[in-house]
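Accompanying notes for the structure given below.
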């Protein structure tokens, strides 16, 4: 692996890893909708029954929106990271593969949360959901350090600043998701909601960093 | 975010957003077929039974065709919009993300409409379906204005005319889908059919604009 | 539509249509596997029970292989066609959209055939399956004539020969699939098997044309 | 086919085959998660019930990880192979198609293994799973020899070394998976675990080759 990657034109190599990762992100995001099942309870019932059945799906809609938003934000940051990569080495390749593995996994805890948030077993479902994002945040740290280290190549100041901004906003990732998992122990919906809105927060934080840099 | 996007080569940035959006459009369109389930009722029955069971799936086929046509048309227009974009700023990125979110959501109301159009709860199903496209049309307006505003860069007259043509044909979008949702209140199938054929109308309208411009 | 497509750089336009079509082909092919369900009958049973349950899925495996082979062959030919296209006009766009619509539809008749080939209603299932491919073959003819006509641009002799070879091998498409649908009326498995092996024949035929041209 | 492929610009041809294959790999990997179903048993139960139900899904998680890792490794090697291909001939195209067919098939034996590894019929499920990977390894050999032979074009020494390294690490593929299928006859979990970890071994082996070449 190592041996060839240094020799083939690097842009092509990076481009294909990017395209492949994009594909996995896009498919994982789109598959989320398959976990929302058409309610069968109202087939013989009235319009009000169907309306109620749709409203009762709120945990599914919420979980769908939360996971979609998180993966989309993660894709954006991944997209920025890739612009900084000039050479795909083994470490980068493996940590990227591990990230894709967890991204692909996300539809399952999403479906579990959607199914169980309104049930007595909500706590276990919420911990499972938050725990997955905790793992994702950890793996993202590994990917970030792989990107940071792969550059024996000197980086442009602008590229370095982008990388630093992404790293800063992700440093709190494992902490927040770990905290969410803890909170889920006492308040299942609380922990879940933290995961659900974190991606909005990340975007804002990113924005502030960018604004500060512009001064 | 802002900070890096202005610095990396812009064509690459736009190209990756385009490719990612294309992926989501393509997957959402293709997943629609998964909502049509094989009828199990005729497993022990005659050929006539299976024939009848397939014919009884007409709401599924209709909903599949309607959503496929609408997403494909939306992709075409999206595709034209992207040729006008030279720089992906935050506003464009977010409105595009919101559009992809709703496009990804489409298979669910499609399945609800397919399942309930022949049931007593048809009205609720049809309003849900039309309402989703109403939201989509609204978000498309936001995306259009994001594209229109992002160009501090002067645009070529041809590009400006294309943008104007797309905006003109989409201005009636929220109105028509809002009207369809209203009609669905009185005639579920009526409202649904308006959504089902609107994309044909959009194409024709687009065509007329093009023809007029050619004079 | 027309108006912009003549003005944007053409290679980019064609490339994006190609990439989008490729995505739909790839997803439709891959979704076919979801229609093969894990047999539940042998959960409490012996290894022999599971073995028998897997063998009893032969119509599913056959239908999967048949549809996969056909879509892959169709993609190959589509891929060759695209190399001949220099400008995406409305006619080409619409016929390509119609083709993608039917390609996306294929998993459903495939699942119906897989489910019903061993049932009393096999005839209806087989006619439905063959009928879908008959429609696909008709639409392919429309696409071919759209490609043939779009070239006001003079074509290279090699390109013209490729186009002629593809057209020749597809001319018999509607005929053969129509015949398969007729045969399915008398022998459900017979009609189905014709559809299942036709793509092999197409490849061979294509090969012979190529060989002949080489002389 | 042959006739056109030699004439169109080759990089475009190879690039499209690569992109299409990447799409199929990415989709097949991502669809694996759909085979893990949300446990319904704990809907009325306690948090402990849901926890137990999730733990009881270990064969699903293991099968998901095993198949994901294998397809990802296969994609990596495929990705390296493609950098060596300058011309897509018929043999390469067909063997690549056969590989994609089997890659697409993987989610099914994965689901069977996940469902039956804890059942009395585990042996049949494990043999089916190992057998699929045995076939995949065989087809990969065919693809490798197609790549090796397609080069009438002289290859650079570096490219030749990469090809040799990939071939060396894959030569043991059919043997190991065949052995795994045999072991599965006596120890279902044993055979399955060999398949599950083989991709790690491949990566290491690849690494050692690379290290040796660096001397």
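Residue numbers (the working numbering), protein chains in the order written: chain A, 2 to 216; chain B, 2 to 216; chain C, 2 to 216; chain D, 2 to 216.
Glycine residues also receive a C-beta, built at the ideal position from the N, C-alpha and C atoms.
Owing to the predicted nature of the structure, the values given are computational and were not obtained by experimental measurement.
Contacts that residue i makes with chain B (C-beta to C-beta distance below 8 Å)
i, result
"residue 92 of chain C", "None at all; the shortest Cβ gap to chain B is about 11 Å."
Listed by chain order, chain D residues near residue i by CB distance under 9 Å
i, result
"residue 73 of chain C", "98, 101, 102"
"residue 116 of chain A", "39, 40, 41, 44"
"residue 120 of chain A", "43, 44, 45, 46, 51"
Chain C residues whose Cβ lies nearer than 8 Å to that of residue i
i, result
"residue 55 of chain B", "113, 125, 129"
DSSP-derived helix/strand/coil call for residue i
i, result
"residue 70 of chain A", "helix"
"residue 105 of chain A", "helix"
"residue 16 of chain A", "helix"
"residue 215 of chain A", "Low local confidence applies: a pLDDT of 40 at residue 215 of chain A is under 50, so the model's placement there is unreliable, and no value is given."
"residue 21 of chain A", "helix"
"residue 50 of chain A", "helix"
"residue 133 of chain D", "helix"
"residue 118 of chain D", "coil"
"residue 37 of chain D", "coil"
"residue 91 of chain C", "helix"
"residue 111 of chain A", "helix"
"residue 127 of chain D", "helix"
"residue 98 of chain A", "helix"
"residue 222 of chain A", "The requested residue 222 of chain A does not occur in the structure, where chain A is confined to residues 2 to 216."
"residue 174 of chain B", "helix"
"residue 27 of chain B", "helix"
"residue 160 of chain C", "helix"
"residue 32 of chain D", "helix"
"residue 44 of chain A", "coil"
"residue 145 of chain D", "helix"
"residue 58 of chain C", "coil"
"residue 3 of chain C", "Confidence at residue 3 of chain C is low in this model, with a pLDDT of 37, below 50, so its placement is unreliable and the value that follows should be read with caution. The answer is helix: DSSP assigns residue 3 of chain C an H, G or I state."
Chain-ordered neighbours of residue i on chain A, where CB pairs are closer than 8 Å
i, result
"residue 69 of chain D", "102, 105"
"residue 174 of chain D", "Residues of chain A passing the Cβ test: none, with the nearest at roughly 16 Å."
Chain B contact residues for residue i, given Cβ-Cβ distances below 9 Å
i, result
"residue 32 of chain C", "31, 32, 34, 35"
Residue i CB to nearest heavy atom of the ligand SAH below 6 Å
i, result
"residue 84 of chain B", "Within the structure as shown, the ligand SAH is missing, as the structure has no ligands at all."
Selection from the options that minimises the alpha carbon distance to residue i
i, options, result
"residue 16 of chain A", "A:137, A:46, A:71, A:94", "A:94"
"residue 149 of chain A", "A:161, A:74, A:27", "A:161"
"residue 106 of chain C", "B:142, B:204, B:40, B:66", "B:66"
"residue 61 of chain D", "D:80, D:77, D:109", "D:109"
"residue 26 of chain C", "C:77, C:180, C:128, C:91", "C:77"
"residue 18 of chain B", "B:178, B:100, B:42", "B:100"
"residue 113 of chain C", "C:131, C:203, C:92", "C:131"
"residue 164 of chain C", "C:56, C:173, C:86", "C:86"
"residue 172 of chain A", "A:203, A:133, A:184, A:79", "A:203"
"residue 111 of chain D", "D:84, D:139, D:70", "D:70"
"residue 81 of chain A", "A:52, A:119, A:133, A:159", "A:159"
"residue 115 of chain B", "B:58, B:138, B:178", "B:58"
"residue 168 of chain D", "D:20, D:190, D:140, D:45", "D:140"
"residue 92 of chain C", "C:145, C:49, C:103", "C:145"
"residue 72 of chain B", "B:23, B:181, B:120, B:179", "B:23"
"residue 187 of chain D", "D:36, D:31, D:123, D:43", "D:123"
"residue 44 of chain B", "C:40, C:121, C:178", "C:121"
"residue 37 of chain D", "D:89, D:200, D:127, D:117", "D:117"
"residue 182 of chain C", "C:143, C:198, C:133", "C:133"
"residue 174 of chain A", "A:39, A:51, A:128, A:142", "A:142"
Amino acids of chain A, ordered along the chain, whose beta-carbon sits closer than 7 Å to that of residue i
i, result
"residue 28 of chain B", "27, 28, 31"
"residue 181 of chain B", "Residues of chain A passing the Cβ test: none, with the nearest at roughly 17 Å."
Contacts of residue i in chain C (Cβ-Cβ under 9 Å)
i, result
"residue 80 of chain B", "14, 17, 18, 21"
Contacts of residue i in chain B (Cβ-Cβ under 7 Å)
i, result
"residue 60 of chain C", "Under the 7 Å cutoff, chain B gives no residues; its nearest Cβ is about 12 Å from residue 60 of chain C."
"residue 24 of chain A", "24"
"residue 109 of chain C", "34, 37"
3 or more residues per run - each beta strand (DSSP E) lying fully within the region 176-209 of chain B:
none
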